[in-house]
Amino acid sequence: MSNILTMVMLVIMGIVGGLSSIVLVLSFPAVLIWKIYRKIRYGYSLYD
Numbered sequence: 000m001s002n003i004l005t006m007v008m009l010v011i012m013g014i015v016g017g018l019s020s021i022v023l024v025l026s027f028p029a030v031l032i033w034k035i036y037r038k039i040r041y042g043y044s045l046y047d
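For the sequence shown, position 40 (counting from the first letter as 1) is numbered 39 according to numbering that gives the first Met the number 0, and the numbering increases by one without interruption.
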């Protein structure tokens, strides 16, 4: 019984860790692209 609960917890933690990694991998380039777009289009600073 405890082995099953351990496996379930490992699967849940793996899914949560994978999702957070995917969000980070996708959000960093999205923010950079958005900042570059605003710089080109509106002349805003890249640091705001």
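Glycine included, each C-beta is placed from N, C-alpha and C at the ideal position.
These figures come from a predicted structure and were not determined experimentally.
Review point. Going by beta carbon distance, what residues of the same chain come within less than 7 Å of Tyr43, once the five residues before and after it are set aside?
Key: Arg37
Check your understanding: Under 7 Å, do Lys34 and Leu23 count as touching if we go by C-beta distance?
Key -> no
Check your understanding: Helix, strand or coil: which one does DSSP assign to Leu16?
Key -> According to the sequence displayed, residue 16 carries Gly and not Leu. Three-state result, Gly16: helix.
Check your understanding: Helix or strand or just coil, what does DSSP make of Ser1?
Key -> helix
**Study point:** Straight-line Cα distance separating Ile39 from Ile3
**Key:** 55 Å
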